[in-house]
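Trainee: In the numbering used here, the protein residues as written are 132 to 576.
Mind looking over this structure? Questions follow.
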Ligand code: SF4
């Protein structure tokens, strides 16, 4: 049962888990349950002074666009940054997930300065990301850079969802927590520009604009991603489809950014092609560790590849990329989703810990995003509150302890680590690792 007063829940966890930074407790709660916005705190749309939420792959909202009202018409910011307040928060970057019913609200205070309010009380100052100069320039065909090559993580990562749908389609194949296909439909229905397959020349043009105007060199990496390809797109299989973008980028901007790809766990020959195309970091996401839950939540992956084979391919790919550069993601929190998930935090943590040990004992450092229970997904519908906050806090503790157990540091390509320094915005694992533990991508396996 959730404590009715969220402040009490948050403060209780801060007290019980003093080794987890307080910043991470607030950040995890915002990521799992979302935040509300006063109209005055919205971005001002695509031409304002604030960087708007780009909807870079999934909706990451707790309501559908038609239910968001003003927050849909006048976009919220991509991220917010928290500082100060009664918990003396160090600078904390949080991805924006909108939930009009959240006890957290971003609004202006009496002096007009923006703050984050929990249960009506101001708990931190809020900074908004400035509109980057490169968002103010359009491609020659009129498309916006935000549509083609949005940046997240306070500008660190260029997020290239080059295929906006997934070929795992329908209830029997789609992952049960994923709204990629619905998000594509809702943006189309709202008449927003939302390109299904992004042409390579548009990507290159958008990157050229970023490269030109990102004079502070804030962008360090790009991620090529999108839905799984079980047959072909444009005549190409998954490795060639995503790899061809990397090839074009690396030929035009050699090693300007760290190239990453999020794709299925593919056979070794395909993985080699990714590497040959110039990708440096491979994310074959394992999603959820428990066998039964993987089979239930990822029916497409189970049917086409199978869990054991998926894990084998993850380990095999270290031959190509080196263990440090294979970074599989999991969706933290779905372990506890009703009706199939674990009933207790202890069981959920024990299961995920087993998975972390499996990978880390092989030198592979997974990372995670905090589950956002989007309302059009089966798991989101059944669990609008997401997972208990205690699960997320204990996961941070377990993750750090397991890293230390195997003498590993945080994965490369995520920017600085440590409270007050991290920019990774969709989970607080980087905020919870000691400062200076970050690593850069190895250029060769
Ligand atoms: S493989 Fe699963 S998580 Fe990935 S895009 Fe497809 S449905 Fe979503």
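Beta carbons: idealized from backbone N, C-alpha and C, even for Gly.
Among the candidates 521, 434, 372, 224, whose CA atom is the shortest distance from the CA of residue 151?
Mentor: As a first step, residue 151 is located in the chain shown; it is residue number 20 there, counting from the start. Nearest option by C-alpha distance: 521.
Trainee: Considering only their Cβ atoms, is the gap separating residue 210 from residue 315 smaller than 8 angstroms?
Mentor: Counting from one through the chain shown, the residue named residue 315 turns up at place 184. Counting from one through the chain shown, the residue named residue 210 turns up at place 79. No, they are not a contact pair.
Trainee: Candidates 260, 213, 138, 242: which alpha carbon is nearest residue 179's?
Mentor: As a first step, residue 179 is located in the chain shown; it is residue number 48 there, counting from the start. Among 260, 213, 138, 242, the Cα nearest to that of residue 179 belongs to 260.
Trainee: From which residue to which residue does the alpha helix (DSSP H) around residue 425 run?
Mentor: Here residue 425 refers to the residue found at position 294 when the chain shown is read from its first residue. Run containing residue 425: 422-428, per the alpha helix (DSSP H) assignment.
Trainee: Would you say the beta carbon of residue 360 comes nearer than 7 angstroms to a heavy atom of ligand 1?
Mentor: On the chain shown, position 229 is the one that residue 360 refers to. No, Cβ of residue 360 sits at least 7 angstroms from all heavy atoms of ligand 1.
Trainee: Would you list the residues sitting across from residue 457 in a DSSP beta bridge?
Mentor: Within the chain shown, residue 457 is the residue found at index 326, counting from 1. 413.
Trainee: Would you kindly report the start and end of the unbroken beta strand (DSSP E) that includes residue 289?
Mentor: The count along the chain shown starts at 1 and reaches residue 289 at position 158. It spans 288-294 - the beta strand (DSSP E) in which residue 289 sits, taken as one unbroken run.
Trainee: Quick one: what does DSSP say residue 219 is sitting in, helix, strand or coil?
Mentor: Taking the first residue of the chain shown as 1, we reach residue 219 at position 88. Three-state DSSP puts residue 219 in coil, outside helix and strand.
Trainee: What are the boundary residues of the beta strand (DSSP E) that residue 475 is part of?
Mentor: Reading the chain shown from its first residue, position 344 is the one you call residue 475. Counting along the chain, residue 475 falls outside any beta strand (DSSP E), and DSSP gives it neither H nor E.
Trainee: Can the beta-carbon of residue 548 be found less than 8 angstroms from the beta-carbon of residue 541?
Mentor: Numbered from its first residue, the chain shown carries residue 548 at position 417. Numbered from its first residue, the chain shown carries residue 541 at position 410. Cβ atoms of residue 548 and residue 541: closer than 8 angstroms.
Trainee: Below 7 angstroms, is the gap between the Cβ of residue 299 and the nearest heavy atom of ligand 1?
Mentor: By 1-based counting over the chain shown, the position of residue 299 is 168. Yes, the beta carbon of residue 299 sits closer than 7 angstroms to at least one heavy atom of ligand 1.
Trainee: May I ask which residues mark the beginning and end of the alpha helix (DSSP H) holding residue 137?
Mentor: Taking the chain shown and counting its residues from 1, one reaches residue 137 at position 6. It spans 137-147 - the alpha helix (DSSP H) in which residue 137 sits, taken as one unbroken run.
Trainee: So, with DSSP's three-state summary, where would you put residue 482?
Mentor: On the chain shown, residue 482 is found 351 positions in, with the first residue counted as 1. Correct three-state label for residue 482: helix.
Trainee: For residue 573 and residue 511, I'd like the C-alpha separation in whole angstroms.
Mentor: Start at 1 with the first residue of the chain shown, and residue 573 comes out as number 442. Start at 1 with the first residue of the chain shown, and residue 511 comes out as number 380. Because the pLDDT of residue 573 is 41, which lies under 50, any placement of that residue in the model is unreliable, and the number read from its coordinates should be weighed accordingly. Distance between the alpha carbons of residue 573 and residue 511: 37 angstroms.
Trainee: Could you give the C-beta distance for residue 442 and residue 473, rounded to a whole number, given that I count them as a contact under 8 angstroms?
Mentor: Position 311 of the chain shown, counted from the first residue, corresponds to residue 442. Position 342 of the chain shown, counted from the first residue, corresponds to residue 473. The Cβ separation is near 20 angstroms, so there is no contact.
Trainee: Apart from the five residues on each side of it in sequence, which residues of its chain come closer than 6 angstroms, Cβ to Cβ, to residue 190?
Mentor: Position 59 of the chain shown, counting from 1, holds the residue named residue 190. Excluding residues within five positions, the ones whose Cβ falls inside 6 angstroms are 310, 314, 505.
Trainee: Exposed or buried, what is residue 519 when buried is set at 16 or more other beta-carbons lying within 10 Å of its beta-carbon?
Mentor: The count along the chain shown starts at 1 and reaches residue 519 at position 388. Residue 519 comes out buried.
Trainee: Would you tell me roughly how many angstroms separate the C-alpha atoms of residue 205 and residue 195, rounded to the nearest one?
Mentor: Counting from 1 along the chain shown, the entry for residue 205 is found at position 74. Counting from 1 along the chain shown, the entry for residue 195 is found at position 64. C-alpha separation (whole angstroms): 15 angstroms.
Trainee: Three or more C-beta pairs under 8 angstroms: does that hold for the region 398-411 against the region 433-453?
Mentor: Flag = yes, the region 398-411 and the region 433-453 touch.
Trainee: Give a yes or no on whether the C-beta atoms belonging to residue 385 and residue 415 are separated by under 8 angstroms.
Mentor: One-based indexing of the chain shown puts residue 385 at position 254. One-based indexing of the chain shown puts residue 415 at position 284. For residue 385 and residue 415, no; Cβs fall outside 8 angstroms.
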